[in-house]
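Quick mapping for you: the protein sequence lines, in order, are chains R and A. Using the working numbering, read the first sequence as starting at 1 and increasing by one per residue. Using the working numbering, read the second sequence as starting at 1 and increasing by one per residue. Okay, so here's the structure we're looking at.
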Amino acid sequence: MSAPLLSVRDLTVQFRTDAGWLTAVEQVGFELGAQETLGIVGESGSGKSVTALSILGLHAASTTRIPTGAIAYAGQDLLKLPDRAMRRIRGGEIAMIFQDPMSSLNPVLTVADQISETLMLHQGLDRKTARNRAIGLLDMVRIADAAHRVDAYPHQLSGGMRQRVMIAIAIACRPKLLIADEPTTALDVTIQAQILDLLRELQTELGMSVILISHDLGVIAEFARRVLVMYAGRVVEAAPSRALFRQPMHPYTSGLLAAIPPLNHDVTRLSTIPGSIPDPGRRIPGCRFSPRCTEAQTECREQAPDLVSVGDDHFARCPPRLHRMRPV
Amino acid sequence: MSAPIVSARGLVKDFPAGPDRTLRAVDNVSFDIAAGETLGLVGESGSGKSTTGRMLVGLIPATSGEVSLFGQTVTGRGGDARLATVRNRLQFVFQDPNGSLNPRMRVRDAIAEPLDIKGDVARADRAARVAELLDMVGLPAASADRYPHEFSGGQRQRIGIARALALRPEFIVCDEPVSALDVSMQAQIVNLLLDLQERFGLGYLFIAHDLAVVRSMSRNVAVMYAGSIVEIASRQALYAAPQHPYTQALLDVVPRPDPDRVRKPALAGEVPSMLNRPAGCAFAMRCPRAEARCRVETPALRDIAAGHRAACHLV
């Protein structure tokens, strides 16, 4: 890969709680090239959203600390960037959409106002020009009758339409990177398909890189070329999509794939991962997944494993599986 | 099918929507559920599936239509009195275990509350029954002393299920019981519900939007769209040979964990507003096969094969 657009290295994020500093993300690293699509998949508390919010510097400074890490974007470390410079990047070069468009949109402003705000702020357009551009952007996100809909308020739109408006705001400044955090989770399955199709088309049209965060392995398989699997704040596996789904190398990834109910055949019971998702406050020694892992050995419970290469561009954090693959 | 324990005939629910307007959330829904069997009710937001589940057990009154539970007609004149006689045999499990458990009540009391309300359980029996219920749903006995917030989402759903089982019901409406859970927790709860069904011969109405989850739970499946059942069949028939264009489209667009699969293009349009219901088939405006009469004439749900019904002019 040529110089990546974004490179996250050794990122650790901690939040202040009543019980002290809680580690939400630990030593996360990945690279993303221009026009590439990265999927980050994980369950609640895996740290996938915290990772994304760190890229945009959206954590509250008073309760967050980042003891290690660097986020290199276009030759600068975003973690060291002053607020003013970060504001130019956020919404301009790197944009983000969230799960719930209703809570991200301002209920008392029209669609035109909300899209125009971004354009006036980042590109210095006057109100009238911004409004016309807003109509053009609604066309781009395939909202029919854009010239009329631009004056609607969020509550007058369906969930799918609201997410289209969020996407219009996100692409208003032609970002180089779009971070989509569970963009279809709140939507019905037929609308989800529309939004995924739209994101894919816009990615090609605008030449954006996309980071798609989802708990849904189906959505990830459909959209991402490369995938990170996160568990309890760490990346447990990173691989090209096909390798990840065909030959998962971490027991958590295998377990998660097996637990998805099949659509094309009947089963008498689903395959399960024993135990519960760990409480973020709980410190688990060794491999974070070891208490739930059916393949865990003594070493897994004692020493935190490293993310090591297990194949072509394929990394996993599981020594027993690695030993089985390459007997010493 | 053996004699149904639950049947719905022509269920309708209208909600007032401003002066002189009503919103028909459920329109002419009929189905039967036999003892120990599961009917999966699948549909998108606003399809009327939850409203149907609530009407079925009397949580909200039906506008018209008939519900029979264990041979008692519980709708219409005198229905409430007859519902009271079968009330203990019915239960409801909700989507959000947070919203349905009192945060200030210990797990012991939350689970035993139905017993307390019934009021004929001795103190020693109560403790024993709570321990037994916790064991049934796979929670340690020590959970009884703890509060809901000390548990994960999956564990809270187990508590909700234990509470539902307290009075030994024969039929449970499960309204999106795994939708709020992560995949690894979802599979555990699906298996738990299947185990409990086998053990106690429970009948379920299993309401969900996830077609794959519904397949793993159900013997028969009904697909709802805009307030009506558009297709109902055994799960084998519905998933292997879906007949209604909406069912086909739904199955086509479910994302699957297979990077080589090329999904069909998304269905255009959105579910019509229930306030401006289009004439004819509610799905016609999005249907790739719709003809002129689909936009005029409402298709009836009719038999297209043994045990397989669809509401479409074209099948």
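Even for Gly, the Cβ is constructed at its ideal location relative to N, Cα and C.
- Pick from V29(A), K13(A), D32(A): whose alpha carbon is nearest that of L23(A)? K13(A)
- Query: Using the C-alpha atoms, what's the distance from H209(A) back to V219(R)?
  - Reply: The alpha-carbon atoms of V219(R) and H209(A) are separated by roughly 16 Å.
- May I ask which residues mark the beginning and end of the alpha helix (DSSP H) holding R133(R)? 127-140
- List the residues that DSSP assigns as beta-bridge partners of G40(A). G40(A) is bridged to F206(A), V221(A).
- Report buried or exposed for H155(R), applying the criterion of at least 16 other Cβ atoms within 10 angstroms of its Cβ. exposed
- Would you mind sorting V86(A) into buried or exposed? The rule is 16 or more other CB atoms within 10 Å of its CB. buried
- Query: Quick one: does L59(A) have its CB under 8 Å from some CB of chain R?
  - Reply: no
- Could you name the residues of the segment 189-214 of chain R whose beta carbon sits closer than 7 Å to any beta carbon of chain A, in the order they occur along the chain? V189, T190, I191, A193, Q194, D197
- Task: Below 6 Å CB to CB, which residues in the same chain sit around M1(R) once its five sequence neighbours on both sides are set aside?
- Result: With a pLDDT of only 49 at M1(R), under the threshold of 50, the placement of this residue in the model should not be trusted; the figure read from the coordinates follows. So the qualifying residues of the chain are G33.
- Which residues in the same chain as M224(A) place their Cβ atom closer than 6 Å to its Cβ, once the five residues preceding and following it in sequence are excluded? G43, S47, G48, K49
- Query: Out of V210(R), M249(R), R242(R), which has the shortest C-alpha to C-alpha gap to I55(R)?
  - Reply: V210(R)
- Query: Of the residues that make up the segment 93-110 of chain R, which ones have a beta carbon closer than 9 Å to any beta carbon in chain B?
  - Reply: Given the protein chain composition of this structure (R and A), no chain B is represented.
- Task: Compare the C-beta of L193(A) against all C-beta atoms of chain R and say whether one is closer than 8 Å.
- Result: no
- What residues of chain A sit near E237(R), judged by a beta carbon separation below 9 Å? Correct list: empty, because the minimum Cβ distance to chain A is about 14 Å.
- Message: Between the alpha carbons of L83(A) and P169(A), how many angstroms are there, rounded?
- Response: 14 Å
- Task: Mind the definition here: the segment 239-256 of chain A touches the segment 59-78 of chain A only if three or more C-beta pairs lie below 8 Å; say whether that holds.
- Result: no
- Query: Of all the options P285(R), I179(R), G255(R), which has the alpha carbon lying nearest to the alpha carbon of K48(R)?
  - Reply: I179(R)
- Burial state of G42(R), where buried means 16 or more other Cβ atoms lie within 10 Å: buried
- Item | Opposing strand residues paired with Y231(R) [DSSP bridges] | R234(R)
- Query: Are L38(R) and A224(R) close, meaning C-beta to C-beta below 8 Å?
  - Reply: yes
- Straight-line CA distance for R89(A) to E270(A)? 39 Å
- Item | Neighbour list for S152(A) in chain R, Cβ cutoff strictly below 8 Å | S276, I277, D279
- Going along the chain, which residues of its own chain have a beta-carbon closer than 8 Å to the beta-carbon of L187(R), five neighbours each way excluded? G159, G160, Q163, I195
- Q95(A) versus chain R: which residues are under 9 Å apart at the beta carbon? Going along chain R, no residue has its Cβ under 9 Å from Q95(A), so there is no contact; the nearest lies around 14 Å.
- N-terminal and C-terminal residue of the beta strand (DSSP E) that T22(A) is part of: Counted as a single uninterrupted DSSP element, the beta strand (DSSP E) harbouring T22(A) occupies residues 22-34.
- For L5(R), the three-state DSSP class (helix, strand or coil): Under the three-state reduction of DSSP, L5(R) is assigned to coil, being neither helix nor strand.
- Query: Does the beta-carbon of S62(R) have 16 or more other beta-carbons within 10 angstroms, so that it is buried, or is it exposed?
  - Reply: Around the beta carbon of S62(R), a 10 Å sphere encloses fewer than 16 other beta carbons of the protein chains shown; the residue is thus reported as exposed.
- Distance, Cα to Cα, Q76(R) vs T204(R)? 26 Å
- Message: With a threshold of 8 Å between beta-carbons, can P257(A) be considered close to chain R, or not?
- Response: Yes, because at least one Cβ of chain R sits closer than 8 Å to the Cβ of P257(A).
- Item | Helix, strand or coil at Q156(R) [DSSP, three-state] | Q156(R) falls in the helix class under three-state DSSP.
- Query: Quick one: complete beta strand (DSSP E) runs, 3+ long, within the segment 102-163 of chain A?
  - Reply: none
- C-alpha distance - R156(A) paired with V6(A), whole-angstrom precision: 28 Å
- Message: Below 9 Å on C-beta distance, what does H209(A) contact in chain R?
- Response: D188, V189
- Going by alpha carbons, who is nearest to A292(A) out of C281(A), R263(A), G76(A), L301(A)? Selected option, being the one with the closest Cα: C281(A).
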